[in-house]
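First comes the structure, then the notes that go with it.
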Amino acid sequence: MAGQRWLHAITLTSILGVVACGGGEKAPAPAAGAAPAAAGSDLTPWQLTHGIGPVTEPLDLGPIDKDEAAEGEKIFVAKCSACHKLGERYVGPALGGITEKVTPEFAMNMILNPQEMYTRHPDVKKLLGEYMTQMPNQGLTQEQAREVVEYLRTTTPPAPAQ
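To convert a position in the sequence shown, counted from 1, into my numbering, add 182.
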């Protein structure tokens with residue numbers, strides 16, 4: 183009888199140890215040289231920096247393409263300017279100089295995949311808390327989103343509020 187209690191105690195301790203340590207499963211290791219994901223986040227380091235969406239590789243930007251930027255400005259005026267201004271807060275944040283604050287890949291993923299960005303990305307969740315309005319998906323193609331980003335690369339940050 184005493185031997186069974188001892189066996190039960192060891193078994194219970196072992197089970198509790200496995201449960202408390204996550205069942206012995208290891209989280210996947212980050213890629214070599216990659217920083218770990220933020221505490222409490224399921225996002226990869228790439229996603230934390232560049233957003234969640236179809237843009238999963240660095241963009242090769244080069245010098246600003248004036249033709250692409252002109253097309254991007256047309257799209258911005260038609261699809262974005264109802265909620266975004268370049269130099270001031272409006273329904274959404276001011277977007278002048280935004281590519282100095284976030285990566286172009288992040289901007290594209292925000293344009294192309296706003297719902298998942300609001301649901302999963304910690305910085306975008308904070309924006310929702312601040313602006314209380316979620317950006318709708320405008321149905322842009324990846325090429326159109328790239329043109330908008332090219333236009334945004336030509337803009338300057340808003341002047342500081344006085």
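Glycine is no exception: its CB is placed at the ideal position from the N, C-alpha and C atoms.
If you're wondering where the values come from, they're calculated on a predicted model, not measured in any experiment.
- prompt: Can residue 298 and residue 237 be called in contact, C-beta distance under 8 Å?
  reply: Contact flag unset, no.
field: Distance between residue 248 and residue 309 (C-alpha atoms, nearest Å)
entry: One C-alpha to the other measures close to 30 Å.
message: I need the straight-line Cα distance from residue 269 to residue 282, nearest angstrom please.
response: So the alpha carbons of these two residues sit roughly 14 Å apart.
query: Which same chain residues, not among the five before or five after residue 267, have their C-beta less than 7 Å away from its C-beta?
result: Closer than 7 Å at Cβ, skipping near neighbours: 276.
task: Count the other C-beta atoms from every protein chain shown that fall within 10 angstroms of the C-beta of residue 262, then say buried if there are 16 or more, exposed otherwise.
output: That one is buried.
C-alpha gap between residue 156 and residue 280, whole angstroms: Residue 156 is absent from the model: the chain starts at 183 and stops at 344.
query: Between 255, 223, 230, 273, which lies nearest to residue 317 when the distance is taken from Cα to Cα?
result: Residue 273 is the option with its Cα nearest to residue 317.
task: Determine the closest residue to residue 223 out of 302, 322, 257, 336, with distance taken between C-alpha atoms.
output: Looking from the CA of residue 223, the closest CA among 302, 322, 257, 336 belongs to 302.
- prompt: Does the beta-carbon distance from residue 254 to residue 292 come in below 8 Å?
  reply: No, Cβ-Cβ distance for residue 254 and residue 292 is not below 8 Å.
Nonlocal neighbours in the same chain, by C-beta distance under 8 Å from residue 329, ignoring five residues either side: The beta carbon of residue 329 is closer than 8 Å to those of 250, 251, 253, 254, 257 in its chain, skipping five residues each way along the sequence.
field: Proximity winner among 285, 304, 235, relative to residue 319 (alpha-carbon distances)
entry: Answer by Cα proximity: 235.
task: Output the boundary residues of the alpha helix (DSSP H) element that contains residue 288.
output: DSSP places residue 288 inside the alpha helix (DSSP H), whose first and last residues are 286 to 294.
field: Sequence-distant residues of the same chain with beta carbon closer than 7 Å to residue 240, five excluded per side
entry: Same-chain partners within the cutoff: 287.
- prompt: Ordered along the chain, which non-local residues of its own chain (more than five positions away) have a Cβ less than 8 Å from that of residue 243?
  reply: For residue 243, where only same-chain residues beyond five positions count, the Cβ hits under 8 Å are 286, 335.
For residue 237, the three-state DSSP class (helix, strand or coil): In this structure, DSSP gives residue 237 a state outside helix and strand, which the three-state scheme calls coil.
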